[in-house]
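To keep things clear, I will list the structure first and then write my remarks on it.
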Amino acid sequence: MIFNSLTFLVFFGLVMALHYAPFFSWHQKKINLLIASYLFYAAWNPPFVALLWISTVVDWWAAQWMVRAKRERTRKLWMLTSVCVNLGMLGYFKYGGFLLQNFVAVAASLGIVYHPPGWDIVLPVGISFYTFATLSYTLDVYLRRAAPAGSFLNYALFVTFFPHLVAGPIMRPTELVPQFEEPRQARPNQIFFGLALLTLGLFQKVVLADGFLAPVVEAVYDAHGSAPGMLDSWVATFAFAGQIFCDFAGYSTSAIGVALCLGFAMPDNFRFPYGAVGFSDFWRRWHITLSSWLRDYLYIPLGGNRHGQARTYAALMGTMLLGGLWHGANWTFVVWGGLHGLYLSAERWLRGRFKGFTPGRASMVGLALLTFLLVNITWVFFRAKTFAGAGVVLEGMAGMQAKPAPLIAAGPMIIAMVIVSAIFGTHLAMRNTTLEAVIERTPSVALAGIWTLLLFAVIIEQGQGSAFIYFAF
Amino acid sequence: MHSSTSPSDARASEIHGTREGALPPGLRKTAADRPGQAQPVPTRDVPTRPWVRIGTVAFVSVALLTGAWEWNARANIGLRAGDIDDSAQFWAEQRRLADAAPVTIVGDSRILFDTDLDRFQQMTGVRPIQTAIAGSNARALLESYANDPDFHGLLIVGLADLSYFRPQGTGYAGSYLKNFEKNDKPAQLSGLWIDRFLQRYVAFMDSDYRLSNLLPRLDHGVRKGVDSPYEGVWKLSETFDDRQTFMWSRIESRGYLQQHARYAWNLFKGPPLPPFIARNVVTRSAEAVTRIRARGGDVIFIRPPSAPELRKVEDGRLPRAKGWDLLLAGTHAKGIHADDLPQAQNLVVPEWSHLSRKCATVFTDAYVRRLTQLTPRLKLRADAPPPLSRSDCVPATIASL
C-alpha cells in the first residue's frame, strides 16, 4: 500500500478510528496497529509478510540469546546469525540476479560460456529498509548500546510499524520501542499538524514529483536513440534532483505526519539537503537515517577516522560504495556512491589543507550552488539505467553531442525549472532552521491558505498511485 | 513550541527526554549529530498555532474549491460522472477474465472505441472481454495471449495498420503488460474499486483533467523541434463498465475539440513502411497465432474503418496488399476488413480515426454478423436484433448527401 492511494486513505481512517476508540486497552491497540501494519504490507504482496516474520523472530531471539550468553564468543555468534539471516535474505532477493549476471560476465571474459536459468525473483518492497531497522536492533544489543525490548509485541511493532516499514525513515529500536511502552494519544492540535504534514508530503509526491517533474526527466532519460543537448540534459537532471527529493522527502514527511496523528514521533530524514555547503553537510541532510546508519554500523566499525588518513579514506570510500549498492543492484548505483565517496574524500582533504578558511555569505551561496551542481552529476548515474545511458546524458551536459535533439517542450521545461529553483532557494534559505520554526512565525491565515492550496492541488492532480522511487531500494 | 506526541502531557518530557537546546532555537538534533550511540526517542515539535481552526478553514475551503472544480468539469468541459477512467488496473481486471472467456478482444483504440459490447452480446449471447488498449500495438497484445498457456478462446485482434505494423515498441500496452501481475495485488484491486466507486459520482476524476495534464498544454509549441504537450491527444472517449469505450460526445460535435483531435493525429504522416518490417511483423504474428491454435484457441483479425482523409495517408504508407492481405496470408487467419462490409461504408468518423458512438453499434452489428460466418465459435442468436445500416447512425442531413 502506498500513501498516495485511495486505499491508504480508507485504511488510515480505519486505523485512526481503532486507535482512538475508547473501548480498547493500550495492549489491544498495539495489537491492532500490528495487524494493520501487516495488512499494509500484505496489500502489496501477501506471501512476503513471511519475510517480515522471519526477520522479526530471528532478531528477537538472537538478541535474547545474546543477553543470556555468558561468553563473548556466543554473543558474537548470535549477532552473526542475525546479520547472516538478514543480509542473506536481502542478498537473495535484491542482489541474487545481479551477482549471477556478474558471474556470467566474468566467466565469459575467461572464455567460459555459462547460461544460467533466468533469475525471476520479485524484490520484496521495502526489504532494504526493514532489514536495516531490524539489524540495528541486534547490533545495538551486541554493542551494548541498547537493552533488548522488554516485550515481543513492542519489538514486532517496531519492525512492522507501517509508517516507516517500506521506505523509512530507518528507525532504531531505541527510538521507537520506548514509545510503545506507554499509552499514546495525540492531542487535536497534533493530529491536525500531522494531517498538514501528510498533505505536504503528498503534495511533494503527487503534484511535484509525479505530476510535473517525472515527465521532464523521462523525456530525456527514457528517450532511447535521441541525443539530448546541453539544455535538455541539464534541465532533465535538475528535474530529477527535484523529483527524487520530492518523492523521497515526500514519503518521509507523510510518514512523520501519519505517525504524529497516531501519537508517535519519528525522526527527521531530510533537512533541506540542497542547501548543503559541501558533501559532509549534504549527507547530514539527505536521507539522514540511512547515512547515520551507515556511519554507525559500517564506517565506524571499518575504522572511521581513528586509524590515520589512509584508513579513513578507505573507510569512507568503502561505506559510500556499499551505500550506493544499497540503493540498487546495479553498477551505476555503485558509481553514484563512489562519486560521493570521492567528493567526501576531496572535501576532507581540502578541509585539512585550508583549516582557517571561513566562507562569507556570498561564498556560502557559491559553495552551496557548487555542491548542488556536483550532486547533480551523481544523479545522472542514479537515474540512468545503464552506463551508456548515463554517458549520453553526460555528453549532453558537456555540450559534446554532435547533433543534439530538443526533447523537452518549453512549457514543461519552464514549470520544472521554476519548481527546482524554488526547491533550491527554499533549502538555501532554510538551511539553518526547521519547517516547524518557520511555521511558528507564519500567520494562521497564510497557513490555512497554503494548506488549502496544497490539498486542492493534490485532489485535482488526482495522482496515478505510482510507487515511490525508494520502494524499489 | 510544544514538544509533541506524548503519552500524556504530564509524561511528555519523561518519555522524550528534554529538548535538545545545543542548537539555535528551531533546530533539533538528528541522528547525524549523534555518531556511534543509541539514538533516543525523537523530538517532534508542533508549532504553537491554532491547528484545529486552521485545518477546519482549510478543509472547508478545499471542499468549496473542489465543488467549483467539479462544476467546471461538468458545465464547461462536458465531463460527467459515470465515465470511468481507463487504467492499467481496470485492464488487468478484464484481462484476468479472458482465460475463461469464449471471446476476447485485443487491439488498439479503434476496436476499443468501435465495438459495442451490448450489441455483441444481444446478437451472439456472448459478451466479449474487452482488452484492447488505446495507443498500443495490437501485436504485442496478441503475443501476450499467445504466451498465456491458459488462454483457449477466440481472440479478435482489431488493428490500425500503421500501429500494428510499427517496427518496434508496444505503445501504452507495454506498461499494462509489464504491470499485469502487480495489478493483481490487493492494494491495486482495492484502489481500483474505490476509484471506480468515486467516479460513478464525480466527474472531475478524469486523467485528462489532471492539473499536470492541463498546465503544460498552455504551451502551444514555443520550442521548435519538439512536440509540445498541446499537440498530443486529449480526451477522446468515455469508458464504462467492462471497459466499454465509446467516443466522447464532444468530439462528435463540430468545434474546437474535434478539430484539435484531428490536428493531434497529424494524419499519421510518415515515410512508407519498408517491406521487411511488414514481413517481420507477419512472421511474429504467425508464430503467435500458431501457438494459440495449438492450444485450441483461434484468432480473427478485424480492421475497423478510418475516414478517407486518413485512409489516404495510411494506404500511402502501407497499402492493404502489403499489410493486411499479407498478414492474413502469412498467419492463415481469417479477417474482416471494414472495406468488405457493405453496412460499414461511409460511417461517421468524427476525428477521422474512430467511429461515432452510434456508428460503433452499426459497425459492431456488421462485423459480428460476418464473424458468425467465419467461426463456429460464435452463432447468431435466433432472437438477435435485425441488422443495422448506415442510416441508423448517420444524421439524416449527412446521409442524404
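Residue numbers (the numbering used here), protein chains in the order written: chain A, 16 to 488; chain B, 1277 to 1677. For each residue, glycine too, the CB sits at the ideal point set by N, CA and C.
At least one CB of chain A lies nearer than 8 angstroms to the CB of B/L1494. Only those residues of the segment 291 to 312 of chain A whose C-beta falls short of 9 angstroms from the nearest C-beta of chain B are listed: W298, R299, R300, I303, T304, S306, S307, W308, R310, D311. For A/Y129, the number of other beta carbons within 10 angstroms of its own is below 16, and it is reported as exposed. Comparing C-alpha distances from A/L470 to each of B/W1524, B/D1392, B/A1339 shows the shortest one belongs to B/A1339. Within 10 angstroms of the beta-carbon of A/I271 lie 16 or more other beta-carbons, which makes it buried. Within the segment 1340 to 1418 of chain B, the runs of alpha helix (DSSP H) at least 4 residues long that lie entirely inside it are, in chain order, 1364 to 1374, 1385 to 1389, 1393 to 1400. A/F294 carries a helical assignment under DSSP once its states are collapsed to helix, strand and coil. Taking all protein chains shown into account, A/M412 has 16 or more neighbouring C-beta atoms within 10 Å of its C-beta and is therefore buried.
What B/F1480 touches in chain A, judged by beta-carbon distance under 9 angstroms, is I474, I475, Q477, going in chain order. Think of a sphere of 7 angstroms around the beta carbon of B/D1321: the chain A residues whose beta carbon falls inside it are E451, in chain order.
In the DSSP assignment, the residues bridged to B/H1613 are B/R1579.
DSSP places B/E1585 within a helical segment (H, G or I) once states are collapsed to three. Assigned with DSSP and collapsed to three states, B/E1590 falls in helix.
Taking C-beta separations shorter than 8 angstroms and ignoring five residues to either side along the sequence, the partners of A/N60 in its chain run V137, P139, V140, following chain order. Buried is the label assigned to B/A1449, since at least 16 other Cβ atoms lie within 10 Å of its Cβ. If the five residues before and after A/V231 are omitted, its C-beta is found closer than 7 angstroms to the C-beta atoms of V250, A251, A254, I423, P427, M428, A431, all from its own chain and listed in chain order. By a beta-carbon distance limit of 8 angstroms, A/G183 contacts A/N284. Their separation comes to about 6 angstroms. With the criterion set as a beta carbon lying under 9 angstroms from some beta carbon of chain B, the members of the segment 412 to 444 of chain A are A420, P421, L422, I423, A424, A425, G426, P427, M428, I429, I430, in sequence order. In the three-state reduction of the DSSP assignment, B/I1432 falls in the strand class, which pools E and B. Nearest to B/G1401 by alpha-carbon distance, out of B/D1390, B/V1379, B/L1623, is B/V1379.
The beta carbons of A/L385 and A/V395 sit no closer together than 8 angstroms. Chain B places a beta carbon closer than 8 angstroms to that of A/M16, counting this residue as a contact. B/R1325 has a beta carbon lying within less than 8 angstroms of a beta carbon in chain A.
DSSP lists A/P243 as the bridge partner or partners of A/A420. Between A/G216 and A/T268, the C-beta gap is smaller than 8 angstroms, which places the two residues in contact.
Counting along the chain, the unbroken alpha helix (DSSP H) around A/T304 starts and ends at 303 to 309. Contact residues of the segment 171 to 202 of chain A toward chain B are R187, T189, E190, P193, Q194, E197, P198, R199, A201 (C-beta to C-beta distance below 7 angstroms).
A/I454 reaches chain B at P1323, R1325, counting residues in chain order whose Cβ is nearer than 8 angstroms. A/K44 and B/V1382 have their alpha carbons spaced roughly 49 angstroms apart.
Secondary structure at B/G1447: strand, using DSSP grouped into helix, strand and coil.
One Cα belongs to B/K1545, the other to B/G1592, and the distance between them is close to 9 angstroms. The CB of A/S166 never comes closer than 7 angstroms to any CB in chain B; the least such distance is about 16 angstroms.
Each residue's CA atom was taken as its position, placing B/D1615 and A/L67 some 60 angstroms apart. The beta carbon of A/H42 sits closer than 8 angstroms to the beta carbons of L168 from its chain, once the five residues preceding and following it are set aside; these are given in chain order.
Ranked by Cα distance from A/M16, the options B/K1461, B/L1490, B/D1392 are led by B/K1461. Across the set A/L357, A/L305, A/L102, A/M94, the C-alpha of A/L357 shows the shortest separation from the C-alpha of A/T327.
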